[in-house]
Amino acid sequence: MNIGALTANDKLALTLFMAMALHSLVILGVTFNFDDIASQAPDRTLEITVVRHPRKAETPAKADFLAQTSQQGGGTLDKAAVPKTRIAPPATNPQEIPSHEQMGAGAPEPQAAKEKVISAQQAQKPVPKPKQERPSVANAASAADILAQLNQEIERQTAELDMKMEAYAKRPRTKNISAATQEYKYAAYLQAWKQKVERIGTLNFPDEAKRQKLYGNLMLTVSLRPDGTILNIALNSSSGQKVLDDAAIRIVRLAAPYAPFPSNIAKEIDVLHITRTWRFTTSNQLFTGN
Numbered sequence: 000m001n002i003g004a005l006t007a008n009d010k011l012a013l014t015l016f017m018a019m020a021l022h023s024l025v026i027l028g029v030t031f032n033f034d035d036i037a038s039q040a041p042d043r044t045l046e047i048t049v050v051r052h053p054r055k056a057e058t059p060a061k062a063d064f065l066a067q068t069s070q071q072g073g074g075t076l077d078k079a080a081v082p083k084t085r086i087a088p089p090a091t092n093p094q095e096i097p098s099h100e101q102m103g104a105g106a107p108e109p110q111a112a113k114e115k116v117i118s119a120q121q122a123q124k125p126v127p128k129p130k131q132e133r134p135s136v137a138n139a140a141s142a143a144d145i146l147a148q149l150n151q152e153i154e155r156q157t158a159e160l161d162m163k164m165e166a167y168a169k170r171p172r173t174k175n176i177s178a179a180t181q182e183y184k185y186a187a188y189l190q191a192w193k194q195k196v197e198r199i200g201t202l203n204f205p206d207e208a209k210r211q212k213l214y215g216n217l218m219l220t221v222s223l224r225p226d227g228t229i230l231n232i233a234l235n236s237s238s239g240q241k242v243l244d245d246a247a248i249r250i251v252r253l254a255a256p257y258a259p260f261p262s263n264i265a266k267e268i269d270v271l272h273i274t275r276t277w278r279f280t281t282s283n284q285l286f287t288g289n
């Protein structure tokens, strides 16, 4: 084969063939094992220390570790030690990293977060206490006047009640008797009083009533003291004839004084009220009955 007789097309075809053969040799001859690379430990590691509080310091001649700024070391250890945090950050599992969809779904809505912040701020705000209005001088004076009036009214009512109780305590013990009285001690006294009044009344029958032939009935209540004297005479019911009414009152006075109260009556009462019906008859006689 005459190389000099090669045409340009032959040269191009030969060049392409040699290039393809060379690439095939490289691809088929060179292989990569990722597991071996991952399992092999690096021959040398580069340790970098982060300085928390950087400050200007002189650059040491020999550095134990690499950091973002120069710093003089300290401590009590003989050998250089790498500063470590007390709690190591947890290892990140690639499968545990949330996707963009999960992060978007789990994030709270801005409006809800804003409402929570506002609610928290409102809860932290102290509730203002209502202002207590101080009573004015005029109101205080008015209240004092009202209190003084109430005290005066209480004192007045207390004094009035004391007077009533004292009067009630001094009030005489009374007893009302009539023809219907069944108690022996009062019935006996009433019978003696009745006999005396009727005898005196018949002896002193009013002359005008005899001349005009007047007769009628009336009711009197005679109140006696323990010694038999008259305390009061009350006309309960009139006869319609003034002559007879006046004659009955006069006869009561003429028959006084009456017998004193017996001891069994005097120890119980202070006043004895005797209520009787007086009858002036056509026979010019006086009777006291029911």
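Counting in numbering that gives the first Met the number 0, the sequence shown runs from 0 upward without gaps. Every residue, glycine too, gets a C-beta built ideally from N, C-alpha and C. None of these values were measured; they are calculated from a predicted model.
Worksheet item: In the DSSP assignment, what residue or residues form a beta bridge with N216?
Response: Within the sequence shown, numbered from 1, the residue matching residue 216 stands at position 217. Answer by DSSP bridge pairing, in chain order: R278.
Considering only the beta carbon of each residue, do R172 and I268 sit closer than 9 angstroms?
For the purposes of this step, residue 172 is identified with residue 173 of the sequence shown, where counting begins at 1. For the purposes of this step, residue 268 is identified with residue 269 of the sequence shown, where counting begins at 1. Yes, these two residues count as a Cβ contact at 9 angstroms.
Collapsed DSSP secondary structure at S236 in the structure displayed
Here residue 236 corresponds to residue number 237 of the sequence shown, with the count starting at 1. In the structure shown, S236 sits in a strand (DSSP, three-state: E or B).
Within its chain, find whatever has a CB closer than 6 angstroms to the CB of A12; leave out the 5 residues flanking it on each side and keep chain order.
As a first step, residue 12 is located in the sequence shown; it is residue number 13 there, counting from the start. If we look at A12 and ignore the five residues flanking it on each side, it has no Cβ neighbours.
Task: Cβ neighbours of P256 in the same chain (closer than 6 angstroms, five flanking residues each side left out) - done: Numbered from its first residue, the sequence shown carries residue 256 at position 257. Contacts found: G227, T228.
Practice prompt. Give me whichever residues DSSP pairs with S222 in a beta bridge.
Written response: Here residue 222 corresponds to residue number 223 of the sequence shown, with the count starting at 1. S222 pairs with N231, H272.
Count the other CB atoms, across all protein chains shown, that sit within 10 Å of the CB of W277; report buried if there are 16 or more and exposed otherwise. Looking up residue 277 in the sequence shown gives position 278. Buried, by the Cβ-count rule.
With H, G and I counted as helix, E and B as strand and the rest as coil, what does DSSP make of T14? The count along the sequence shown starts at 1 and reaches residue 14 at position 15. The answer is helix: DSSP assigns T14 an H, G or I state.
Do three or more CB pairs link the stretch 201 to 209 to the stretch 239 to 250 at distances below 8 angstroms? yes
Fill in: Extent of the continuous beta strand (DSSP E) run through T173
For the purposes of this step, residue 173 is taken as the residue at position 174 of the sequence shown. That run of the beta strand (DSSP E) goes 173 to 176.
**OP:** Sort out for me which residues DSSP pairs L285 with in a bridge.
**Re:** If you number the sequence shown from 1, residue 285 lands on position 286. Its beta-bridge partners are F279.
inquiry  = Looking at F286: is its Cβ nearer than 9 angstroms to the Cβ of A208?
reply    = For the purposes of this step, residue 286 is taken as residue 287 along the sequence shown, with counting starting at 1. For the purposes of this step, residue 208 is taken as residue 209 along the sequence shown, with counting starting at 1. Cβ atoms of F286 and A208: not closer than 9 angstroms.
- Message: Using the three-state DSSP reduction, which class does N203 fall into: helix, strand or coil?
- Response: As a working note, residue 203 is residue 204 in the sequence shown. Coil at N203, not helix or strand.
Practice item. Leaving out five residues on either side along the sequence, give the residues of the same chain with a beta carbon under 6 angstroms from the beta carbon of L271. Key: As a first step, residue 271 is located in the sequence shown; it is residue number 272 there, counting from the start. The answer, listed in chain order, is K174, L223.
### Cβ-based burial, R155 [other Cβ within 10 Å; buried from 16]
Position 156 of the sequence shown holds residue 155. R155 is exposed by the Cβ-count criterion.
(request) Please report the Cβ distance between A187 and T180, rounded to the nearest whole angstrom; I am assuming they are in contact, meaning their Cβ atoms lie under 8 angstroms. (result) Indexing the sequence shown from 1 puts residue 187 at position 188. Indexing the sequence shown from 1 puts residue 180 at position 181. Their Cβ separation, rounded to whole angstroms, is 10 angstroms, which puts A187 and T180 out of contact at 8 angstroms.
Whole-angstrom C-beta distance between I199 and A254, which should lie under 8 angstroms
In the sequence shown, the residue the question calls residue 254 occupies position 255. In the sequence shown, the residue the question calls residue 199 occupies position 200. Yes, they are in contact, since the Cβ atoms of A254 and I199 sit about 4 angstroms apart, within 8 angstroms.
Notebook entry, point to check: By DSSP, does T6 sit in helix, in strand, or in coil?
Noted result: Residue mapping note: residue 6 aligns to position 7 of the sequence shown, counting from 1. Note: T6 maps to coil in three-state DSSP.
Exercise. Straight-line CA distance for R170 to S141?
Worked result: For the purposes of this step, residue 170 is identified with residue 171 of the sequence shown, where counting begins at 1. For the purposes of this step, residue 141 is identified with residue 142 of the sequence shown, where counting begins at 1. Whole-angstrom Cα-Cα distance: 43 angstroms.
*Using CA coordinates, which residue listed in A191, N235, E152 is at the minimum distance from L217?*
Along the sequence shown, read from residue 1 onward, the residue named residue 217 stands at position 218. Nearest of A191, N235, E152 to L217, Cα basis: N235.
* Asked: Which term fits S262, buried or exposed, when burial requires 16 or more other beta carbons within 10 angstroms of its beta carbon?
  -> Translated into positions along the sequence shown, residue 262 becomes position 263. Flag for S262 reads exposed.
With a CB to CB cut of under 7 angstroms and the five nearest residues on each side skipped, what residues in its chain are close to A246? In the sequence shown, the residue the question calls residue 246 occupies position 247. So the qualifying residues of the chain are P205, A208.
Worksheet entry | Where the alpha helix (DSSP H) containing A247 begins and where it ends | Along the sequence shown, one-based indexing puts residue 247 at 248. Element bounds for A247: 241 to 254.
For L189, which residues from the same chain have a beta carbon less than 7 angstroms from its beta carbon, with the 5 sequence-adjacent residues on both sides left out? Counting from 1 along the sequence shown, the entry for residue 189 is found at position 190. Excluding residues within five positions, the ones whose Cβ falls inside 7 angstroms are I176, T180, I273.
Review point. Near V221, what residues of its chain come up, given a Cβ to Cβ distance below 6 angstroms and the 5 sequence neighbours on each side ignored?
Key: Taking the first residue of the sequence shown as 1, we reach residue 221 at position 222. Closer than 6 angstroms at the Cβ level, and outside the excluded window around V221, lie I232, V251, I273.
Classification of L24 by the beta-carbon crowding that lies within 10 angstroms, buried from 16 upward: Position 25 of the sequence shown, counted from the start, is the residue given in the question as residue 24. Classification of L24: exposed, given that the 10 Å Cβ count is below 16.
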